[in-house]
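Take the sequence shown: its position 260, counted from the start at 1, is 259 in numbering that gives the first Met the number 0, and no numbers get skipped. Have a look at the structure below before the remarks.
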Amino acid sequence: MRIFDPHIHMTSRTTDDYERMAAAGVRAVVEPAFWLGQPRTSVDTFVDYFDSLLGWEPFRAGQFGVRHHATVALNPREANDPRCHPVLDVLPRYLDKDGVVAVGEIGYDSMTPAEDAAFAGQLALAVAHDLPALVHTPLRDKARGVERTLAVVAESGIDPGRVLVDHLNEVTVRLVRDTGCWLGFSIYAETMTPPRMVELLRAYGTERMLVNSSADWGRSDPLLTRATGEAMLLAGFTEDDVDRVLWRNPVEFYGQSGRLDLADLAGPRV
């Protein structure tokens with residue numbers, strides 16, 4: 000079973016996690032820029048963080064045979080802090096770097112006017128830099144947040160096929176399914192479990208469906224992608240179905256960046 004985790008925050012994880020992930024079949028990851036749990040107070044802290052995502056973290060991952068890519072953005076939560084707004088001015092130089100495969104995470108946390116502006120502005124950056132966009136949907140009032148997300152995506156003019164709407168569930172999957180966007184599901188604590196994900200795949204199929212662990216500094220597990228693949232097999236899905244969801248779909252989505260480096264990783268399935 001080969002696995003590409005399309006959304007995981009390895010900055011928050013240990014080298015033991017990399018070792019376990021590699022043993023479980025995780026060959027590649029995408030790490031989106033996100034909120035570190037404590038407010039950042041200046042743009043310089045973001046610069047240091049982005050540099051780490053593009054320099055240190057790929058090196059750390061590579062020691063265990065895992066290929067690391069990143070997305071960069073001003074995340075929705077910090078879009079509400081005026082001290083962080085200058086990040087939007089430094090993003091263009093990072094969006095031109097080889098290791099960056101999308102603009103993200105962008106979207107909504109509390110659905111404020113500041114988040115509206117940051118979301119629309121960063122979708123415009125995705126279009127300008129010919130990159131896909133990874134969109135975070137809010138934990139609270141999720142259905143309304145997804146509806147608002149889709150409206151902003153439509154207004155932006157970005158091709159929906161270059162947008163991944165993440166953190167979906169049984170309610171919100173119906174809102175996104177027919178829009179042309181890709182659908183992301185985070186198998187994370189009690190938010191979404193492998194059995195629930197299997198039922199969603201039964202109902203909606205495997206096309207444009209991505210499964211991630213979203214593992215970070217919270218109570219999370221970077222091996223839940225593997226657990227989902229095993230649950231799919233037990234439920235009667237084929238090995239090809241599992242490979243589509245856990246490998247080929249994320250490769251196809253992020254491959255639109257033209258920067259995905261999977262040399263020597265996409266060989267025979269294990």
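Glycine included, each C-beta is placed from N, C-alpha and C at the ideal position.
Judged by DSSP in its simplified three-state form, Phe3 adopts strand. In the DSSP assignment, the residues bridged to Pro31 are Thr70. Distance check between Leu130 and each of Arg201, Val175, Asp4, Ile157 places Ile157 closest, using alpha-carbon atoms only. The beta carbon of Phe63 sits closer than 6 Å to the beta carbons of Tyr17, Glu18, Ala21 from its chain, once the five residues preceding and following it are set aside; these are given in chain order. Ranked by how close their Cα comes to the Cα of Val89, the residues Phe49, Arg247, Asp242 have Phe49 in first place. Using a 10 angstroms sphere on the CB of Asp140, the tally of other CB atoms stays under 16, which defines it as exposed. Between the region 144-164 and the region 25-33 there are fewer than three C-beta pairs closer than 8 Å, too few to call the two in contact. Secondary structure at Val210: strand, using DSSP grouped into helix, strand and coil. In this structure, Ala132 lies near Val102, with their beta-carbon atoms less than 7 Å apart. Judged by DSSP in its simplified three-state form, Ser219 adopts coil rather than helix or strand. Counted as a single uninterrupted DSSP element, the beta strand (DSSP E) harbouring Gly106 occupies residues 99-106. A residue is called buried when at least 16 other Cβ atoms come within 10 angstroms of its Cβ; Phe58 does not meet this threshold and is exposed. Non-local beta-carbon contacts of Gly179 in its own chain, meaning distances under 6 Å to residues more than five positions away in sequence, involve Pro159, Gly160 in chain order. The C-alpha of Arg143 lies about 13 Å from the C-alpha of Arg173. With a cut-off of 8 Å on Cβ pairs, the region 221-233 is in contact with the region 175-193, counting three or more such pairs.
Judged by beta-carbon spacing, His128 lies within the 7 Å limit of Leu94, meaning their Cβ atoms are closer than that value. If you ignore the 5 residues before and after Gln255, its C-beta comes within less than 7 Å of the C-beta of Pro131, Arg161, all in its own chain and listed in chain order. In its chain, beyond the 5 residues on either side, Leu222, Arg225 have a beta carbon closer than 6 Å to the beta carbon of Ala23. Within the same chain, Cβ atoms closer than 8 Å to the Cβ of Asn79 are found at Asp108, Ser109, Thr111, Ala113, Glu114, the five residues on either side in sequence being excluded. Residues Leu87 of the same chain have their beta carbon placed closer than 7 Å to that of Gly120, with the five preceding and five following residues left out of the count. Across the set Glu238, Val145, Pro193, Gly204, the C-alpha of Val145 shows the shortest separation from the C-alpha of Val175. Nearest C-alpha to Leu233 among Gly98, Met196, Ala72, Leu124: Met196.
His135 and His84 do not touch by the CB rule: their CB atoms are close to 18 Å apart, not below 8 Å. No residue range can be given for Trp246, since it is assigned to no beta strand (DSSP E) and is classified by DSSP as neither H nor E.
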